[in-house]
Structure formats: C-alpha cells, structure tokens
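Just remember that our numbering sits 27 ahead of the position in the sequence shown, which is counted from 1. Positions of the beta carbon are idealized from the N, C-alpha and C atoms, including for glycine. Here the structure is laid out as structure tokens; the discussion comes afterwards.
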Amino acid sequence: MEIFDEIVNYLNYLNENYGGLLYSELFDTAQPNSSTVDTKNEKLIFNNMNDIFAIEEEWGKSRTLKELEQKINTCLKCPLGKTRTKFVFGVGNPNAELMFVGEAPGADEDIQGIPFVGRAGQLLTKTLASLNIRRSEVYICNILKCRPPNNRKPFAAEMDKCKPYLLKQIELVAPKLIVALGATAVEGLFNTTARMAALRGKVLKFQDRPVVITYHPAALLRNPGLENYFRSDLQFALEILNRLTNKGE
Ligand code: URA
Numbered sequence: 028m029e030i031f032d033e034i035v036n037y038l039n040y041l042n043e044n045y046g047g048l049l050y051s052e053l054f055d056t057a058q059p060n061s062s063t064v065d066t067k068n069e070k071l072i073f074n075n076m077n078d079i080f081a082i083e084e085e086w087g088k089s090r091t092l093k094e095l096e097q098k099i100n101t102c103l104k105c106p107l108g109k110t111r112t113k114f115v116f117g118v119g120n121p122n123a124e125l126m127f128v129g130e131a132p133g134a135d136e137d138i139q140g141i142p143f144v145g146r147a148g149q150l151l152t153k154t155l156a157s158l159n160i161r162r163s164e165v166y167i168c169n170i171l172k173c174r175p176p177n178n179r180k181p182f183a184a185e186m187d188k189c190k191p192y193l194l195k196q197i198e199l200v201a202p203k204l205i206v207a208l209g210a211t212a213v214e215g216l217f218n219t220t221a222r223m224a225a226l227r228g229k230v231l232k233f234q235d236r237p238v239v240i241t242y243h244p245a246a247l248l249r250n251p252g253l254e255n256y257f258r259s260d261l262q263f264a265l266e267i268l269n270r271l272t273n274k275g276e
C-alpha cells in the first residue's frame, strides 16, 4: 500500500508540475553519452552527441547575448518553461574573462530573472568582493535557465535541452576561464558524476576552454566549514586566469 501511495503522489506531482505529462529520466537518458573526465591526466574526453547542437535553429545565429536572450526567453523545450516565473538567462560583462556556471535558478532567481541573487548568490557575490571582483566584471549563468519545481536537481533531459543555450553563451562571451559551481554544473558540462574531491584544484578543459571546479555556494550555507575551500578555489581560479592573460607576469 505504501508503494501505491508513493506512486500516486509521484503522479500527482508530475501532474501539478508538468501538466499531466509523464516525464521521466528513464526515457531520456538512453542517449549517446560517452564523456568522461580523466582526472589522472587532467584531460577531458568529450564526446557527447547532444552537445553538437543545432546551429540551424534561428537563435543559434545570434551575434550578441541580447539577441540570444530575446530569441530564447520564451523557450518551451522542456516542461520547466510552463512552470517558470521568469527565464533566467545570465548576467554580467558580455566580454568577461571569467564565467561562472551554476546549476539552475532558485526561487529568488525565478522571481527576479537574474542568476545567483538569493542567499547562495549573495554568498558568491560576497566572496567575489573579498577577492576584489565585482559581479559586473564577470559573467554568471546556469546550466538550466528555468527553475525546477521545489529546487529539485535538474533532470538529465532538462540539461540536455538547455545546454545548447549555454554553449552559445560561452561562444559569445568567450571567457578565458570557466568556474563550474557544484556537482550538477560539472555534470551538466562534462556529463560526469565524478566526485567534487577528485575535480577541485585541477584545470579541466571544456571545448578547449579551461575550467576550474568548486563547490556550489548553497553547499556552504549548509556547511560553513566549506567556505575557506570555496574561497581558495576561487583564488586558484584567479591565479589561473592571471597566468592565462599574463597579468601575473
Ligand atoms: N543556484 C544556482 O545554481 N543558480 C542560481 O542562479 C541560484 C542558485
């Protein structure tokens, strides 16, 4: 009986959030996905067919972030399009050298349409400020542009649908370095569920762009002991950026 109640609850949840559409990862993950992170050699073996995105789509031809945002902010490619309040495209310097990629908008972001403005975002902003970096200098966005109900972890299918937009943002901003915030951002970018401990302190490559990985700031809210690690990861990212731009020499 318990399992029956659970199934009914789950179906009700789907009905509420997805308008009755039966939406399951099981159907969507059976797709080519052979990317792995070779942490020993700090190399990414990247070969996911989903990431070769359909540039023929109109938005794929966008020349500026503004144009891209206008073309995609009514997106309904996944059911989150129906439940979002605002599309959370991204914010910051369109020519930023440093780009932050988080997981997905939360409640505050969904209302304001701006990434990382809630408690976790304020912690990110504060840590950046302590390193003399203003939010307006960098570019901040997420793997998903719409809020998953109840802040649940994004489904792989949602990430697959949304990721081409991120790829286009990366192309347009052309950052020198990307910082992936948290395990879901790493999963979204690299299609790997490798542990955070194995990835921090390394420079990985995503489509030939260096990527540094750190905790999601929400993890620091749950575990303040991680704050120092987060700050030192960001310092590490800045050192790498300085090296890449020769500012440190
Ligand atoms: N968490 C994220 O991953 N992104 C946001 O924009 C806010 C919270």
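Per-residue burial, residue i [other beta carbons within 10 Å of its own, 16 or more giving buried]
i: residue 148; result: buried
i: residue 127; result: buried
i: residue 67; result: Interpretation of residue 67 is limited by its pLDDT of 45, a score under 50 that renders its predicted location unreliable; the figure taken from the coordinates is listed afterwards. The residue in question, residue 67, is exposed, as its Cβ has fewer than 16 Cβ neighbours within 10 Å.
i: residue 220; result: exposed
i: residue 266; result: exposed
i: residue 159; result: exposed
i: residue 30; result: exposed
i: residue 211; result: buried
i: residue 169; result: buried
i: residue 185; result: buried
Closest by C-alpha distance to residue i, when choosing among the options
i: residue 255; options: 102, 157, 239, 113; result: 157
i: residue 196; options: 103, 116, 232, 104; result: 116
i: residue 140; options: 90, 164, 270, 100; result: 100
i: residue 97; options: 134, 105, 104, 86; result: 86
i: residue 165; options: 94, 150, 122, 199; result: 122
i: residue 260; options: 231, 227, 215, 120; result: 227
i: residue 120; options: 201, 111, 224, 229; result: 201
i: residue 155; options: 236, 29, 257, 267; result: 257
i: residue 150; options: 269, 32, 34, 250; result: 250
i: residue 135; options: 175, 163, 159; result: 175
i: residue 262; options: 236, 235, 229, 234; result: 229
i: residue 171; options: 222, 225, 114; result: 114
Same chain, Cβ closer than 8 Å to residue i, neighbours up to 5 away in sequence not counted
i: residue 264; result: 125, 204, 206, 239, 241
i: residue 253; result: 242, 246, 247
i: residue 208; result: 127, 128, 129, 130, 151, 241, 242, 243, 244
i: residue 46; result: Interpretation of residue 46 is limited by its pLDDT of 44, a score under 50 that renders its predicted location unreliable; no figure is taken from the coordinates.
Residues near residue i in its chain [Cβ-Cβ closer than 7 Å; skip 5 each side]
i: residue 108; result: 102, 173
i: residue 118; result: 141, 142, 167
i: residue 248; result: 146, 147, 150
i: residue 144; result: 135, 136
Cut-off 6 Å between Cβ atoms - residues of its own chain near residue i, not counting five sequence neighbours on either side
i: residue 199; result: 92
i: residue 162; result: 152
Closer than 7 Å: residue i CB and nearest ligand 1 heavy atom
i: residue 169; result: yes
i: residue 115; result: yes
i: residue 143; result: yes
i: residue 132; result: yes
i: residue 147; result: yes
i: residue 136; result: yes
i: residue 221; result: no
i: residue 140; result: no
i: residue 245; result: yes
Whole-number beta carbon distance between residue j and residue i, since they are thought to touch under 8 Å
i: residue 138; j: residue 112; result: 6 Å
i: residue 180; j: residue 215; result: 11 Å between Cβ atoms; not a contact.
i: residue 133; j: residue 177; result: Not really, about 10 Å apart at Cβ, beyond 8 Å.
i: residue 237; j: residue 193; result: Not really, about 16 Å apart at Cβ, beyond 8 Å.
Any non-hydrogen atom of ligand 2 closer than 7 Å to residue i Cβ
i: residue 119; result: With respect to small molecules bound, the structure shown includes ligand 1 and not ligand 2.
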